[in-house]
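This report refers to the structure that appears directly beneath it.
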Amino acid sequence: MGFNKTFTGDEDMKAAEFAELLQLSHEDQKKIQDIEITDVTQDTRQLSDGCCFVAIKGLHFNGNEHVQEAADAGARLIVASEPVSITGDAVVVTVPDTQKALAQLSARFFGDPSAEMTMFGVTGTNGKTTITHLISKILDDHGSKTGIIGTMYNKIGDKKLPTINTTPDPHTVQKLLRQMDDEDVMECAMEVSSIALVQGRAWGIDFDTAVFTNLTEDHLDFHKTVENYFDAKALLFSQLGNSYHKTSKPKTAVINIDDPYGRRLIDKTAANVLTYGTHGQGLLQAKNIQVTSHGTKFDLSIYGHEYPVHLKLMGDFNVYNALSAFGATYEHGLEPEEIIKSLESVEGVRGRFQVVPNDQDVTVIVDYAHTPDGLKNVLNTINAFAEKRVFCVVGCGGDRETEKRPIMADIALNNSTDAIFTSDNPRTEDPEAILDEMVAKVPKDSYTRNSDRREAIYYALSKAQAGDVVLIAGKGHEDYQIIGTTKHHFDDVEVVNDFYADDEK
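Residue numbering for the sequence shown follows the UniProt record's numbering, beginning at 1 and increasing consecutively.
Following this line, the structure appears as structure tokens:
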């Protein structure tokens, strides 16, 4: 498309173009009609001359208290959520929902780039990263140039860019989509977190397909209840096709019908629905599933046609991931055979059931499993092929979700032969206090405990013998550990490689 407005700063936009989006009064429309806008931001660190500053009132920061700072930095238009007064030339308008305003203004400022691409939004407790990568791989193999927005990185074609949040803020995501469209990306697969949906970060994105993976307890420090968590996930589906600009593109919801919350989602969307599952109910089904140490076999059934599938990925959870990616790309118009060929070629995704090679005949697996459901799924998969001992190294993050700590410990103990409890990202909590909460309800002689994650991993690897399996859970792709408020470099895969390299010396 080549829409060269904005992020290069070569062209400006009349603020009057925002008036309809903000539903301003006639008086406010007259005040802003001649203002030229050079950027849109909610971040006081990114203020620039001629920008539009949107004042967001968040959990820890109230942008309404910084409007004078924005005016002094050169903002021409300030969008606030409450009455404010400033000195200077900036014009202030007030709207009821500045989060929604930021998303809509950012989308319009960058030329509504999502409307020019096919957008896949993936939400759910587990599987988002793997599914977005599978969708991208399938489409790339089909000759497309794709983008990914997600937890591990953002991707434009073959280029990978760093990311901070699973779902970036609206300005960042719209700027990224603009880059994608300018670089001829045709499809984008995007992880959409529940918190981002509540905070309005997905407003202004014209999703064509929404995928629901599953829902188990997670992020309850933010949502407070599972029902609130479900309502947040449901926003992606209730908003599907309800964007503020017109589009004729058909919309599809791909929903895991085996999940009770998935069944409830069907009534939450006006889009076409493709259900998938393994229990005989979905329009898209996996039958005769066989998990081995070399992969997973099953028969894929859709609309009365069956196809054999042999994934290199292991586990029932990866069957669900494959089904959802199949459903999304099938509804996009690809043929079953070419989708399956791509799925069968996937070696894996970094930090998602990643097998770390070694010469000791020990199966070492690094996985992001950080929820009770995720940990249980991974251990179930391992136990389906493990012939000897199963070691599980796992911890829990600090400053959040204390209620899941004893649950994680219980799952590790009941689904492995040797449980080793350690630190994850302790943040500002005492690592030993976190471990105390994990082991509070389990027998003292049933586990090993070491808050030093490197030492805990080394301990498990030193005890493992040929034929054993070692699962290192919780951090997956992360290459850091947050201690206090500082990020320290730490990579589980590197630690494993260091152990075996030292062992050879």
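Backbone N, C-alpha and C define an ideal beta-carbon position, used for all residues, glycine too.
- Lys-249 places its beta carbon less than 8 Å from that of Asp-208.
- About 16 Å separates the beta carbon of Gly-397 from that of Asp-373, a gap too long to meet the 8 Å contact definition.
- In this structure, the CA atom of Asp-367 is about 12 Å from the CA atom of Thr-130.
- Collapsing the DSSP output to three states places Val-211 in a strand.
- Between the stretch 116 to 128 and the stretch 311 to 329, the count of Cβ pairs shorter than 8 Å is three or higher; the stretches touch.
- Phe-391 is bridged by DSSP to Asp-418, Val-470.
- Here Gln-33 has Lys-14, Ala-15, Ala-16, Ala-19 as same chain residues with Cβ atoms under 8 Å from its own Cβ, once five neighbours each way along the sequence are excluded.
- Comparing alpha-carbon positions, the option among Ile-205, Lys-251, Leu-265 lying closest to Tyr-229 turns out to be Leu-265.
- If you draw a straight line from the Cα of Ile-407 to the Cα of Arg-453, it comes to about 20 Å.
- Under the three-state reduction of DSSP, Phe-353 is assigned to coil, being neither helix nor strand.
- Two segments are said to touch when three or more pairs of C-beta atoms, one from each, lie closer than 8 Å; by this definition the stretch 108 to 117 does not touch the stretch 128 to 144.
- Contact annotation: Ala-409 and Val-442 have beta-carbon atoms nearer than 8 Å.
- Residue state for Thr-94 is assigned as strand, using DSSP reduced to three classes.
- Following the DSSP letters along the chain, one finds Lys-441 in no alpha helix (DSSP H), marked with neither H nor E.
- CA-to-CA, the gap between Ala-460 and Val-378 works out to about 17 Å.
- Asn-64 sits close to Ser-81, with the two beta carbons spaced by under 8 Å.
- Secondary structure of Val-254 (DSSP, three-state): strand.
- When secondary structure is reduced to three states using DSSP, Leu-24 falls in the coil class, being assigned neither helix nor strand.
- Sixteen is the threshold: since fewer than 16 other Cβ atoms of the shown chains lie within 10 Å of the Cβ of Lys-160, the residue is exposed.
- Between Ile-164 and Ala-189 a beta carbon distance of about 18 Å is seen, past the 8 Å cut, so the two are scored as non-contacting.
- Comparing C-alpha distances from Pro-336 to each of Ala-90, Asn-318, Asp-299 shows the shortest one belongs to Asp-299.
- Going by DSSP, Ser-301 is part of no alpha helix (DSSP H) but of the beta strand (DSSP E) stretching over 295 to 302.
- The three-state reading of DSSP puts Met-117 in coil, since its state is none of H, G, I, E or B.
- In chain order, Lys-487, His-488, His-489, Phe-490 place their CB closer than 7 Å to the CB of Tyr-480, counting only its own chain and leaving out the 5 sequence neighbours on each side.
- Around Gly-282, the same chain offers Ile-257, Thr-275, Tyr-276 as residues with beta carbons nearer than 7 Å, after the five sequence neighbours per side are excluded.
- Here DSSP, grouped into helix, strand and coil, assigns Tyr-500 to helix.
- One thing to note: Glu-183 has its Cβ within 8 Å of the Cβ of Gly-157.
- By the C-beta density criterion, Asp-468 is buried, having at least 16 other C-beta atoms within 10 angstroms.
- Contact check for Ile-457 and Leu-334: beta-carbon distance about 41 Å, past the 8 Å limit, so the pair fails to qualify.
- Excluding its 5 nearest sequence neighbours in each direction, Val-439 has C-beta neighbours in its own chain below 7 Å: Ala-409, Phe-421, Tyr-447, Arg-449, listed in chain order.
- Ranked by Cα distance from Glu-338, the first of His-142, Lys-57, Val-54, Thr-87 is His-142.
- Per DSSP, Met-186 is not a residue of any alpha helix (DSSP H), being assigned neither H nor E.
- When the five nearest sequence neighbours on each side are left out, the beta carbons in the same chain lying within less than 7 Å of the beta carbon of Arg-352 are those of Thr-129, Thr-130, Asp-367, Tyr-368, Gly-476, in order along the chain.
- Residue pairing by DSSP places Gln-290 opposite Lys-297 in a beta bridge.
- As DSSP reads the structure, Cys-51 sits in a beta bridge with Asp-39.
- Leu-235 and Gln-360 have their C-alpha atoms roughly 48 Å apart.
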